[in-house]
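Using the numbering used here, read the sequence shown as starting at 27 and increasing by one per residue.
Ideal Cβ positions, reconstructed from N, Cα and C, are used throughout, including at glycine.
Have a look at the structure below, then the notes.
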Amino acid sequence: MRTPVHTRPTSTGRRARAAAAFTAPLVAASLVIAAFAAAPLLAANPDFAGVWQLDNERSDSLAPGRAGRERPNTLDLELDIALTGEDLVMNYTMRNENLPGPVQFTQHLITDGKPAEMPDFQGGTRTARVKWRKDRLSVSYTRVTPFGDLDITETWQLSKDGSELQVKLHTRTQSPRPDIRELIYVRATNVQ
27 MRTPVHTRPT STGRRARAAA AFTAPLVAAS LVIAAFAAAP LLAANPDFAG VWQLDNERSD
87 SLAPGRAGRE RPNTLDLELD IALTGEDLVM NYTMRNENLP GPVQFTQHLI TDGKPAEMPD
147 FQGGTRTARV KWRKDRLSVS YTRVTPFGDL DITETWQLSK DGSELQVKLH TRTQSPRPDI
207 RELIYVRATN VQ
């Protein structure tokens, strides 16, 4: 006697449609999860936002010809940084015993890497290029002085623990060696 073989007719197209109907929502869900998981990785720009105070003891002097000298002044510099997307708004407040009162000015840093006008400390303007480079902010500009043009690049970076904002100023002059100075800001405890 023959053993009956029970086969069921199958349709390859029907099976493929059923598999697609089952896997499509899984693929969509995994893409949504991946997008949310990757969001912190895509937001690679560090959060400079907050109020920062210049640490005079650990920062280099910005006075001309300061090599081998003590810091010539007691500049109290407070920096309030706000983020607007990838761009920054920096509000500076400077106090010094030689100033009649606080000096304030604001810089808007557009981080698209294109030349843009911005105010400087001397009350003039300069053309700067501002761009995020991984976890650092790069600000490049030329300062015109009676002694020649100074090409300056500022590199802004948070310390690993986020407690310090470190600014390195690389200044190229007619000298064969660049002048490199560092400013250290700490999170302000007493906002004035």
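Leaving out the 5 sequence neighbours to the left and right, which residues in its chain are closer than 8 Å to Phe62 when beta-carbon positions are compared?
On the sequence shown, residue 62 is found 36 positions in, with the first residue counted as 1. Annotation note: pLDDT 36 at Phe62 (below 50); position unreliable, coordinate value reported separately. Nothing listed; no residue qualifies.
Between Arg84 and Ile206, is the Cβ-Cβ spacing less than 8 Å?
As a first step, residue 84 must be located in the sequence shown, where it is residue number 58. As a first step, residue 206 must be located in the sequence shown, where it is residue number 180. Contact flag unset, no.
If you follow the beta strand (DSSP E) that Lys194 is in, where does it begin and where does it stop?
Residue numbering aside, residue 194 sits at position 168 when the sequence shown is read from its first letter. Start and end: Glu190 to Arg198.
Relative to the alpha-carbon of Leu109, which residue among Pro172, Leu88, Thr171 and Gln133 has its alpha-carbon at the smallest distance?
On the sequence shown, position 83 is the one that residue 109 refers to. Nearest of Pro172, Leu88, Thr171 and Gln133 to Leu109, Cα basis: Gln133.
Per-residue burial, Leu125 [other beta carbons within 10 Å of its own, 16 or more giving buried]
Translated into positions along the sequence shown, residue 125 becomes position 99. Under this definition Leu125 is an exposed residue.
Which residue or residues does DSSP assign as beta-bridge partners of Glu180?
What you label residue 180 is simply residue 154 of the sequence shown in a count that begins at 1. Glu180 is bridged to Val165 and Leu195.
Kindly list the residues whose CB is nearer than 6 Å to the CB of His196, restricted to its own chain and excluding five residues on each side of it in sequence; keep chain order.
Translated into positions along the sequence shown, residue 196 becomes position 170. Thr179, Pro204 and Ile206.
Quick check on Arg121: does DSSP put it in helix, strand or coil?
Here residue 121 refers to the residue found at position 95 of the sequence shown. Three-state result, Arg121: strand.
When you compare each of Glu190, Pro145 and Val170 to Phe74 by their alpha carbons, which one comes out closest?
To locate residue 74, count along the sequence shown from 1; it is residue 48. Residue Glu190 is the option with its Cα nearest to Phe74.
Can you list, in chain order, the residues of its chain with a C-beta nearer than 7 Å to that of Ala214? Leave out the 5 residues immediately preceding and following it.
Numbered from 1 along the sequence shown, position 188 holds the residue referred to as residue 214. The answer, listed in chain order, is Val77, Trp78, Gln79 and Glu104.
Based on Cα-Cα distance, which residue from Asp161, Phe147 and Ala154 lies nearest to Gln130?
By one-based count along the sequence shown, residue 130 stands at place 104. If we check each option's Cα against that of Gln130, Phe147 comes out closest.
Distance check for Arg155 and Asn21, CA to CA, integer angstroms please.
Lying before the first or after the last residue shown, residue 21 is absent from the chain, which here runs from 27 to 218.
Excluding the 5 residues flanking Gly174 on each side, which residues of the same chain have their C-beta closer than 7 Å to its C-beta?
Start at 1 with the first residue of the sequence shown, and residue 174 comes out as number 148. Same-chain partners within the cutoff: Thr199 and Gln200.
In whole angstroms, what separates the C-alpha of Thr168 from that of Met144?
Indexing the sequence shown from 1 puts residue 168 at position 142. Indexing the sequence shown from 1 puts residue 144 at position 118. Their backbone Cα atoms lie some 12 Å apart in a straight line.
With DSSP as the reference, label Pro293 as helix, strand or coil.
In the structure displayed, the chain extends from 27 to 218; residue 293 sits before or after that span and is not available.
Since I believe Leu135 is in contact with Leu256 (beta carbons under 8 Å), could you give me their beta-carbon distance rounded to a whole number of angstroms?
A question about residue 256 goes unanswered here, because the residues of the chain that appear run from 27 up to 218.
Distance, Pro172 Cα to Gly111 Cα:
Looking up residue 111 in the sequence shown gives position 85. Looking up residue 172 in the sequence shown gives position 146. Their Cα atoms are separated by approximately 38 Å.
In angstroms with no decimal places, state the Cα-to-Cα distance between Arg159 and Gln192.
Along the sequence shown, read from residue 1 onward, the residue named residue 159 stands at position 133. Along the sequence shown, read from residue 1 onward, the residue named residue 192 stands at position 166. Roughly 15 Å between the two C-alpha positions.
Report the residue from Gly150, Thr151, Asp81 and Trp182 whose alpha carbon sits nearest the alpha carbon of Lys157.
Residue numbering aside, residue 157 sits at position 131 when the sequence shown is read from its first letter. Measuring from the Cα of Lys157, the nearest candidate turns out to be Trp182.
Given a cut-off of 8 Å, decide if Ala142 and Thr151 are closer than it, judged by their beta-carbon atoms.
Looking up residue 151 in the sequence shown gives position 125. Looking up residue 142 in the sequence shown gives position 116. No.
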